[in-house]
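Residue numbers (numbering that gives the first Met the number 0): 0 to 400. Ideal Cβ positions, reconstructed from N, Cα and C, are used throughout, including at glycine. First the structure, in the form of structure tokens, and then the observations on it.
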Amino acid sequence: MLDGINDISISEYDYSLPDDKIAKFPKENRSDSKLLISKRAGFLTDCKLSDIGDYLPFDSLLIFNKTKVLHARLHFKKATGGAIEIFCLEPAGEEDPQVILQSSKTCTWKCLVRGAKKWKGEPLTLELGELVLVASLKNRLDDSFEICFEWSEGPSFAEILLMAGEIPLPPYLNRKAEASDKKAYQTIFAQNEGSVAAPTAGLHFTKELMESFPSKGVSTDFITLHVGAGTFKPVQSEKIVDHHMHAELIDVSINTLFNIIDAFGPIIPVGTTSLRTLESLYWFGVQAHQGELHNARPELDQWYPYQDHPNLSLKESLRALLSHLDKQGKTRLVAKTQLMIAPGYKFKVARGLVTNFHQPKSTLLLIIAAMIGDNWKKMYEHALKHNFRFLSYGDCCFLLP
């Protein structure tokens, strides 16, 4: 079943992105971003994001990611004066980020370390007024470090990150985070802490725009996918079949599952993280139908959808998933997904996508190509020619395949 995937080279999904096309700062008003609509047969329309409600099909269900970006960068100094930056990625083990963030004396995180060669493993300290945060190296992993944080009883680790941490802007912005990024790099509906990157398509949506949707016959709902640092990881292998997709934690309530089942119109995710979550739900439903959901925290392998499985309808799949959750006495699905969407993937849930413009040779660009085929080239060429702004703080596109 991987025959088609085996032949895909990432070099086929490359284009020239000049640095001056990358938005280094956001628009002052979120919904003032430009919107490029790509309809069937590659027909393109330019408009403002604030007008998106006029282009959404009646009875659409928009799905947003309500994850919240952590202030994940902590800056320590060695006793000798050398700088060490610790970038908190996710809790060590299988703990829920929102639970671990409420720790009040100690917690252990999987981290990246800038300046690791200078760090011999001695405890690092960071003074925060009367409070002292101590970071101790617990374990060296293949691609990261396990670091134990300790502090005197009082604030939670979430509060410590707010006090001392820095918003982790994408490396391609080539600038340090500013005070304004604390608000600008969060969606207005951000709620569940745990991401190290924003679900950037959601950044465009204001309270006023969200409130306008019911009058347009558009409904909204929310999922959570905690975005990992792997979202910035380039595809380094020429053949995408050799690329290892990072696993990310998703959290979806049974109420949202029912809303998806009952949706009259097209289900349209806002952002690739919402898309990957929705499509993962279908495959978790297939696993439930097949009696394959055994772990307390299920995991979806990146190539699972490309193997032979029963061709369930969306409703059949989600009802199987709901039945499984009911038997487990659970009101939400908490799982990890590695789902990789590439050309040849058959979408099971999404009937469109709202998303930003993505980096060349990225897994995100593969998603665009999976949805609209080679029309992605025409769309990106148009966007570059007409001065659309690219990447996290850039403009947006709406795909209607």
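Handout entry: Contacts around Leu111, its chain only, beta-carbon distance under 8 angstroms, and the 5 residues preceding and following it disregarded
Key = Your numbering for residue 111 matches position 112 in the sequence shown. Cβ neighbours of Leu111 beyond the five flanking positions: Ile85, Phe86, Leu88, Ser143, Phe144 and Ala228.
Exercise for the section: Can you tell me which of Pro400, Gly270, Gly351 and Gly216 puts its alpha carbon nearest to the alpha carbon of Asp373? Expected result: Position 374 of the sequence shown holds residue 373. It is Pro400.
Practice task
Please name the residue in Glu177, Lys76, His243 and Ile260 whose C-alpha comes closest to that of Asp403.
Solution key: In the structure displayed, the chain extends from 0 to 400; residue 403 sits before or after that span and is not available.
Exercise for the section: Taking only the alpha-carbon atoms, compute the straight-line gap between Trp118 and Leu277 and give it to the nearest angstrom. Expected result: In the sequence shown, the residue the question calls residue 118 occupies position 119. In the sequence shown, the residue the question calls residue 277 occupies position 278. In a straight line, the C-alpha of Trp118 is about 41 angstroms away from that of Leu277.
Exercise for the section: Would you mind sorting Ala341 into buried or exposed? The rule is 16 or more other CB atoms within 10 Å of its CB. Expected result: Locating residue 341 in the sequence shown gives position 342, where the first residue counts as 1. Classification of Ala341: buried, given that the 10 Å Cβ count is 16 or more.
Problem - Beta carbon of Ala189 nearer than 8 angstroms to that of Lys65 - result: For the purposes of this step, residue 189 is identified with residue 190 of the sequence shown, where counting begins at 1. For the purposes of this step, residue 65 is identified with residue 66 of the sequence shown, where counting begins at 1. Going by C-beta atoms, Ala189 is nearer than 8 angstroms to Lys65.
Exercise for the section: Report yes or no: do three or more beta-carbon pairs, one from the segment 189-205 and one from the segment 153-170, lie closer than 8 angstroms? Expected result: The segment 189-205 vs the segment 153-170: in contact.
Problem - In chain order, each beta strand (DSSP E) run of at least 3 residues that lies wholly inside the segment 185-220 - result: Counting only runs that start and end inside the segment 185-220, the beta strand (DSSP E) elements of at least 3 residues fall at 191-194.
Handout entry: According to DSSP, residues forming a beta bridge with Pro268
Key = Reading the sequence shown from its first residue, position 269 is the one you call residue 268. Beta-bridge pairing by DSSP links Pro268 to Ile62.
Problem - Selected residue, minimal CA-CA separation from Thr330, among Tyr12, Leu161, Thr255 and Thr271 - result: Locating residue 330 in the sequence shown gives position 331, where the first residue counts as 1. It is Thr255 whose Cα lies nearest to the Cα of Thr330.
Exercise for the section: Grab the span of the beta strand (DSSP E) containing Ile83 for me, first residue to last. Expected result: As a first step, residue 83 is located in the sequence shown; it is residue number 84 there, counting from the start. Taken as a continuous stretch (DSSP letters only), the beta strand (DSSP E) holding Ile83 covers Ala82 to Pro90.
Handout entry: Stretch-stretch touch, CB-based, cutoff 8 angstroms, three pairs: the segment 268-288 with the segment 311-319
Key = With a cut-off of 8 angstroms, the segment 311-319 and the segment 268-288 count as touching, because enough Cβ pairs lie within range.
Practice task
Pair every Cβ in the segment 71-79 with every Cβ in the segment 54-63, then say whether three or more of these pairs are closer than 8 angstroms.
Solution key: In short, these stretches do not touch, since the Cβ pair count stays below three.
Handout entry: Cβ-based burial, Gly351 [other Cβ within 10 Å; buried from 16]
Key = As a working mapping, residue 351 is identified with position 352 in the sequence shown. It is buried - the Cβ of Gly351 has at least 16 other Cβ atoms within 10 Å.
Practice task
For Gly201, count neighbouring Cβ atoms within 10 angstroms of its own Cβ and tell me buried if that reaches 16, exposed if not.
Solution key: Position 202 of the sequence shown, counted from the start, is the residue given in the question as residue 201. Gly201 is buried by the Cβ-count criterion.
Practice task
If I'm right that Phe204 touches Ser30 with Cβ under 8 angstroms, what's the distance once you round it to whole angstroms?
Solution key: Within the sequence shown, residue 204 is the residue found at index 205, counting from 1. Within the sequence shown, residue 30 is the residue found at index 31, counting from 1. About 7 angstroms; that satisfies the 8 angstroms criterion.
Practice task
Quick one: grab the DSSP three-state call for Ala334.
Solution key: As a position in the sequence shown, residue 334 is number 335, starting the count at 1. Three-state DSSP puts Ala334 in a strand.
Exercise for the section: Taking only runs that begin and end inside the segment 122-188, name each unbroken beta strand (DSSP E) of 3 or more residues, in chain order. Expected result: For the segment 122-188, whole beta strand (DSSP E) runs of length 3 or above, ordered along the chain, are 123-127, 130-139 and 144-149.
Practice task
For Met244, I'd like the list of residues in its chain whose CB is within less than 6 angstroms of its CB, leaving aside the five on either flank, ordered along the chain.
Solution key: As a first step, residue 244 is located in the sequence shown; it is residue number 245 there, counting from the start. For Met244, same chain residues with a beta-carbon under 6 angstroms away, outside a window of 5 residues either side, are Gln301, Gln337 and Met339 in chain order.
Practice task
Check whether the Cβ atoms of Cys395 and Leu34 sit closer than 8 angstroms, and answer yes or no.
Solution key: Along the sequence shown, read from residue 1 onward, the residue named residue 395 stands at position 396. Along the sequence shown, read from residue 1 onward, the residue named residue 34 stands at position 35. Contact: yes.
Exercise for the section: Identify, in the order they occur along the chain, each residue of the same chain with its Cβ nearer than 6 angstroms to the Cβ of Gly393, setting aside the five sequence neighbours on each side. Expected result: Locating residue 393 in the sequence shown gives position 394, counting from the first residue. Excluding positions up to five away in sequence, the list reads Ala22, Asn355 and Phe356.
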